[in-house]
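Numbering (our numbering), first residue to last: 12 to 144.
Using N, Cα and C, we set each Cβ at its ideal position, and we do this for glycine too.
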């Protein structure tokens, strides 16, 4: 197989075909043990799961508040937003300075199990605009 070119910000590429890794490549300083943020891939996976749950009746409506399905979000901007708001990234919370890197120290703490997702959501749950905008 020929070498793949990496986007300027990409550190790793993994191609899988029918469950088998057909290509694996890294750009310094990354390697197979480097933690990677999923970036926008998580949006597609989340939308797929939510769509399946909606079709199966596990979610009544995309216009329900997120806290109905995740009570831990109660009292946060994310819990007040609808499922639709969250899927369209319009929860009402502040925008990231750069995707995946607004609070890099907090993500290190999260990865090291020194804080929880709920603690982070509460810490940064500042409403800047109305949900849906």
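Worksheet item: Mind checking residue 82: buried by the 16 CB within 10 Å criterion, or exposed?
Response: Residue 82 sits at position 71 when you count from the first residue of the chain shown. By the C-beta density criterion, residue 82 is exposed, having fewer than 16 other C-beta atoms within 10 angstroms.
Item to complete: List in chain order: all unbroken alpha helix (DSSP H) runs of 4+ residues lying wholly within the segment 59-110.
Response: 88-91 and 94-98
Fill in: Beta-carbon proximity check, residue 75 vs residue 103, cutoff 8 Å
Counting from one through the chain shown, the residue named residue 75 turns up at place 64. Counting from one through the chain shown, the residue named residue 103 turns up at place 92. Their beta carbons are not under 8 Å apart, which means residue 75 does not touch residue 103 by this criterion.
Worksheet item: How about residue 143 and residue 78: do their beta carbons lie closer than 8 Å?
Response: Taking the chain shown and counting its residues from 1, the one referred to as residue 143 is at position 132. Taking the chain shown and counting its residues from 1, the one referred to as residue 78 is at position 67. Not closer than 8 Å, so no.
Worksheet item: Can you tell me the Cα-Cα spacing of residue 94 and residue 24, whole angstroms?
Response: Start at 1 with the first residue of the chain shown, and residue 94 comes out as number 83. Start at 1 with the first residue of the chain shown, and residue 24 comes out as number 13. Straight-line Cα distance between these residues: approximately 31 Å.
Worksheet item: Could you check where the beta strand (DSSP E) with residue 26 kicks off and where it finishes?
Response: Position 15 of the chain shown, counting from 1, holds the residue named residue 26. Residues 23-28.
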